[in-house]
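Number 3 in numbering that gives the first Met the number 0 belongs to position 4 of the sequence shown; there are no gaps in the numbering.
Worksheet: one structure, shown below.
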Amino acid sequence: MRRATIALAVAAAVILTGLFQRPPAAALGMTQVTLNCTDGTSFTIVVDADTLTGLVASVQGMVDYPAGLNCTLIQVPLLTLFGHVALATNPNKMVVAGGRWLVTCTEVAKTGGFTTSVPPGTVASGANRPTFAMLLPAPLASGSTPCDEDLANGCIWVNIGANVHLNGQGVLEGSINETIPENQSCPNIADVNGPIPLGPSHFDSKPMPASCLFVSGSTALTTTYVTHVFGFTFTVISGLSESPASAVHSQFVDVGNPSSVRDQLNAPPVPPNSNCDSHASITDGNFTLQNGNINVYGG
């Protein structure tokens, strides 16, 4: 009888320990987040407080600096049962970004290979690159933004929205969009009083079966394909087209959340510095995301 009583007490203690055991330390402070985006995709991920802060900043960046992509965040408290936490299945890889970055007029000139004058009336045509005016040191264009990176010529703002991830079936989905807002231009050496208008310009791009998402540490390389494009900068300077769909090679560098150092990226209209298929990239040619945030997750 005494042995039975002791056994019952031990069993009760084990049950009570399970009932009141605290969640594992790794789960403390974790939040389940569902990201629903206007590109028709949705995924759920469990994140820590820093990553949640970064995702919120990225989504807000999409709102503040529109590029044709918006997402909403739904936060769900994690449920615990007998000391265990109910976790969602995180995507293997993802990059979520929203904000804007500065591109130097000199860099835009490198992309275009300018040689003569701007074709009049060229705003949204073709993937072939006609020759046009060189952007060389000249008075700042009225529509350029003064910047330390290009004191002679200035810069232009580029808005970006990115959401690329693997869904539950392992299929790559999402989009990368960019917009150059209107009333932006760079100097035209052929006519200092007639700067080259670069905005508005815009493109949408999506992963296709041949697309790629490669994540190594805090760096993500992507290849997406253009589904819609207009404007002088992206159609003429970058040579993007819808048919055939141009490949867009991008690089995203997440320096952490929060951080005193800004995230980095490379995307049109500057020349690509990465190849997702070969997993090759260099940091030369990356630009600073001035506002917003980049989130890279490698699983």
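Even for Gly, the Cβ is constructed at its ideal location relative to N, Cα and C.
These numbers come from a predicted model, not from an experiment.
> Per DSSP, what kind of secondary structure is residue 93 in: helix, strand or coil?
Replying inline: Of the three classes helix, strand and coil, the one that applies to residue 93 here is strand, per DSSP.
> Leaving out five residues before and five after residue 236 in sequence, what residues of the same chain have Cβ atoms less than 7 angstroms from its Cβ?
Replying inline: Result list for residue 236: 107, 110, 111, 268, in chain order.
> Ends of the alpha helix (DSSP H) at residue 51?
Replying inline: Residues 48-63.
>> Rounded to the nearest angstrom, what separates residue 165 and residue 60 at their Cα positions?
In response: Cα to Cα, residue 165 sits roughly 22 angstroms from residue 60.
>> Once DSSP output is grouped into helix, strand and coil, what is the label at residue 170?
In response: Collapsing the DSSP output to three states places residue 170 in coil.
> With DSSP run on the structure shown, which of helix, strand or coil describes residue 163?
Replying inline: If DSSP states are grouped into helix, strand and coil, residue 163 belongs with the strands.
>> If you follow the beta strand (DSSP E) that residue 203 is in, where does it begin and where does it stop?
In response: Per DSSP, residue 203 belongs to the beta strand (DSSP E) from 200-205.
> Assuming residue 232 contacts residue 293 under a Cβ cut-off of 8 angstroms, what Cβ separation, rounded to an integer in Å, is found between them?
Replying inline: So it is not a contact: roughly 22 angstroms between Cβ atoms.
>> So, for residue 136: in the same chain, excluding its five sequence neighbours on each side, which residues have a beta-carbon less than 7 angstroms away from its beta-carbon?
In response: For residue 136, the predicted model reports a pLDDT of 41, less than 50, meaning its position is unreliable and no value from the coordinates is stated.
> If you follow the beta strand (DSSP E) that residue 219 is part of, which residue opens it and which one closes it?
Replying inline: Annotation for residue 219: the continuous beta strand (DSSP E) segment containing it runs 218-229.
> So is residue 172 buried or exposed if we call it buried at 16+ other beta carbons inside 10 Å?
Replying inline: Answer is buried; the Cβ neighbour count reaches 16.
> So residue 251 is in the beta strand (DSSP E); what residue range does that whole segment cover?
Replying inline: Note, residue 251: beta strand (DSSP E), 246-252.
> In whole angstroms, what is the alpha-carbon distance linking residue 142 and residue 105?
Replying inline: When only Cα atoms are considered, residue 142 and residue 105 end up about 15 angstroms apart.
>> Quick test of your reading: residue 48 and residue 96, contact by CB under 8 angstroms. State the CB separation rounded to the nearest angstrom.
In response: The Cβ separation is near 19 angstroms, so there is no contact.
>> Quick check: what's the CA-CA separation for residue 275 versus residue 239?
In response: Cα to Cα, the separation comes out at about 18 angstroms.
>> Let me check understanding here. Comparing Cα to Cα, which of 198, 174, 256, 52 lies closest to residue 185?
In response: Each of 198, 174, 256, 52 was checked against the Cα of residue 185, and the nearest Cα belongs to 198.
>> So, with DSSP's three-state summary, where would you put residue 116?
In response: For residue 116, the pLDDT reaches just 35, beneath the cut-off of 50, and the residue's location in the model is therefore unreliable, although a value from the coordinates is still provided. Coil.
> Would you say the beta carbon of residue 184 comes nearer than 7 angstroms to a heavy atom of the ligand SAH?
Replying inline: Absence of the ligand SAH from the depicted structure is noted, as is the absence of any ligand whatsoever, leaving it without description.
>> Rounding to the nearest angstrom, what Cα-Cα distance links residue 285 and residue 193 in this structure?
In response: Each residue's alpha carbon lies about 29 angstroms from the other.
> How many Å lie between residue 289 and residue 183 at the Cα?
Replying inline: Each residue's Cα considered, the two are about 17 angstroms apart.
> Span of the beta strand (DSSP E) holding residue 288?
Replying inline: It spans 286-296 - the beta strand (DSSP E) in which residue 288 sits, taken as one unbroken run.
> Smallest Cα separation from residue 226: which of 217, 207, 262, 102?
Replying inline: Considering only 217, 207, 262, 102, the residue with the shortest C-alpha distance to residue 226 is 207.
>> Helix, strand or coil, according to DSSP, for residue 104 in the structure here?
In response: Three-state DSSP puts residue 104 in a helix.
>> If you reduce the DSSP assignment to three classes, tell me which class residue 269 lands in.
In response: Residue 269 falls in the coil class under three-state DSSP.
> Using the beta-carbon count (16 or more within 10 Å), is residue 279 buried or exposed?
Replying inline: Around the Cβ of residue 279, a 10 Å sphere holds fewer than 16 other Cβ atoms; the residue is exposed.
> residue 37 by DSSP, collapsed to three states: which one?
Replying inline: Three-state result, residue 37: coil.
>> Bridge partners for residue 157 per DSSP, in chain order?
In response: Bridge partners of residue 157: 100.
>> Among 264, 54, 273, 259, whose alpha-carbon lies nearest the alpha-carbon of residue 251?
In response: Looking at the Cα atoms, 264 is the closest of the given residues.
>> Judging by CA-CA distance, which residue of 52, 210, 203 is the nearest neighbour of residue 277?
In response: Selected option, being the one with the closest Cα: 210.
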